[in-house]
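J.: In this note's numbering, the protein residues as written are 89 to 375. Virtual Cβ for every residue (Gly too), placed ideally from N, Cα, C. Because the structure is a prediction, the values reported are computed rather than measured. Structure provided below as structure tokens; questions to follow.
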Amino acid sequence: MTQPHRPRPERADSPELAAFRQLKAAQPELAGAVDMQVELFVMQRRVQARLSTPWLEFDAAWLARQLGEGRPILRFEEIPFEWGEFRTLFRQASEVLRRYDLLEPSDLDCVQELIRTGRPSRDDVASWYEETASRRIGRPSVVPSQPEAIGQVLALSARPFLARTVETLHQRVDLAPWTRPYCPFCGGDAELALVLRPGEMRLACGRCTGVWPFPEHACPHCDNRIPRYQTSYASRNGRYRLIGCDACRRYIKAFDARKADRPFMLDVDTIATLPLDAAALQRGYLS
Ligand SMILES: [Zn+2]
Ligand SMILES: [Zn+2]
89 MTQPHRPRPE RADSPELAAF RQLKAAQPEL AGAVDMQVEL FVMQRRVQAR LSTPWLEFDA
149 AWLARQLGEG RPILRFEEIP FEWGEFRTLF RQASEVLRRY DLLEPSDLDC VQELIRTGRP
209 SRDDVASWYE ETASRRIGRP SVVPSQPEAI GQVLALSARP FLARTVETLH QRVDLAPWTR
269 PYCPFCGGDA ELALVLRPGE MRLACGRCTG VWPFPEHACP HCDNRIPRYQ TSYASRNGRY
329 RLIGCDACRR YIKAFDARKA DRPFMLDVDT IATLPLDAAA LQRGYLS
């Protein structure tokens, strides 16, 4: 069941686009990455704005069981994909990545073959989605069925549909029982962390944009929860932190809401934190 369609036209002055402009002015070395992200962002938002609001009904007992057992709750068949829109976005997103030299010739061949044969099909997208959504529920991790770059293009194309669904779930699902390092909605990995106040942290999913609570001193990679096993560094403007885990030597980047003059914006903050990856590498951490 869906609610009546409410169009939300893309505004040229959206807060994200203003933040992208500010970022480019402040850090001209990020201009190429910002330009690419803006192109993808505008494409994705255009699709997202046209989607009607999915209305999902969850049985309370089922929901409590899923969350308690660490199983993501968003099932593929509940995501309101529109396959024409999806394939258009797949073509456009791959074209953007090609222009910014992010696709190898073999990946490009693979993309073009998919497009030529009218794919990705519903089944292609379903298996891509399930590989991540199901890998956490007791099955051995699967080898992705497509090259990594194709997975990236699929993720960019699926993003508006996933984000639109998760947007409506945030208001209705109590995530308090969930403290896993992966997304309670789609099983995706944490892209960034958010530090809200001392003792209160959230993780944000790079796949569906879902946000969930996570213990402040836990590692989203190895899930170790040993106190004082983390080293945290602030960015020069204080808005971001690099949090390294001294157990697994991996790291997560965080948006520090206490030091920021605007709300968290996943698309913008992902690009703004790119310099922290180099800083992490210098300190011997792996992504
Ligand atoms: Zn997710
Ligand atoms: Zn760790």
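Can you have a look at residue 314 and say buried or exposed, based on whether 16 or more other CB atoms are within 10 angstroms of its CB?
T.: Walking along the sequence shown from the start, residue 314 turns up at place 226. Per the 10 Å Cβ criterion, exposed.
J.: What does the Cβ neighbour count give for residue 416, buried or exposed, with the cut at 16 atoms within 10 Å?
T.: No statement about residue 416 is possible, as the shown extent of the chain runs from 89 to 375 and does not include it.
J.: By a C-beta neighbour count over all protein chains shown, 10 Å radius and 16 as the cutoff for buried, is residue 332 buried or exposed?
T.: In the sequence shown, the residue the question calls residue 332 occupies position 244. Buried: at least 16 other Cβ atoms inside 10 Å.
J.: Looking at the structure shown, is residue 344 part of a helix, part of a strand, or coil, going by DSSP?
T.: Numbered from its first residue, the sequence shown carries residue 344 at position 256. DSSP places residue 344 in strand when its eight states are reduced to three.
J.: Rounded to whole angstroms, how far is the Cβ of residue 253 from the Cβ of residue 165, which I believe are closer than 8 Å?
T.: Your numbering for residue 253 matches position 165 in the sequence shown. Your numbering for residue 165 matches position 77 in the sequence shown. With a Cβ gap of about 11 Å, residue 253 and residue 165 do not count as contacting.
J.: Starting from the N-terminal side, write out each stretch of the alpha helix (DSSP H) that is 4 residues or longer and does not extend beyond the segment 191-261.
T.: Qualifying alpha helix (DSSP H) stretches, in chain order: 193-204, 210-221 and 236-258.
J.: Ligand 1 and residue 298: does the residue's C-beta get closer than 6 Å to at least one heavy atom of that ligand?
T.: Walking along the sequence shown from the start, residue 298 turns up at place 210. Residue 298: yes, Cβ under 6 Å from ligand 1.
J.: For the alpha helix (DSSP H) that residue 176 lies in, which residues bound it at each end?
T.: Start at 1 with the first residue of the sequence shown, and residue 176 comes out as number 88. Taken as a continuous stretch (DSSP letters only), the alpha helix (DSSP H) holding residue 176 covers 171-187.
J.: If we count the other Cβ atoms within 10 Å of its Cβ and call it buried at 16 or more, is residue 139 buried or exposed?
T.: Position 51 of the sequence shown, counting from 1, holds the residue named residue 139. So residue 139 counts as buried.
J.: Could you pull out every residue in the same chain whose Cβ sits closer than 6 Å to the Cβ of residue 354, ignoring the five residues on either side in sequence?
T.: One-based indexing of the sequence shown puts residue 354 at position 266. Excluding positions up to five away in sequence, the list reads 292 and 297.
J.: Could you name the residues of the same chain whose beta carbon sits closer than 6 Å to that of residue 320, not counting the 5 residues immediately before and after it, in chain order?
T.: Position 232 of the sequence shown, counted from the start, is the residue given in the question as residue 320. So the qualifying residues of the chain are 329 and 331.
J.: Taking the alpha carbon of residue 248 as the point to measure from, which residue in 182, 272, 173 and 202 has its own alpha carbon closest?
T.: The residue you call residue 248 lines up with position 160 of the sequence shown. Looking at the Cα atoms, 173 is the closest of the given residues.
J.: What are the boundary residues of the alpha helix (DSSP H) that residue 108 is part of?
T.: Counting from one through the sequence shown, the residue named residue 108 turns up at place 20. Counting along the chain, the alpha helix (DSSP H) containing residue 108 begins and ends at 103-114.
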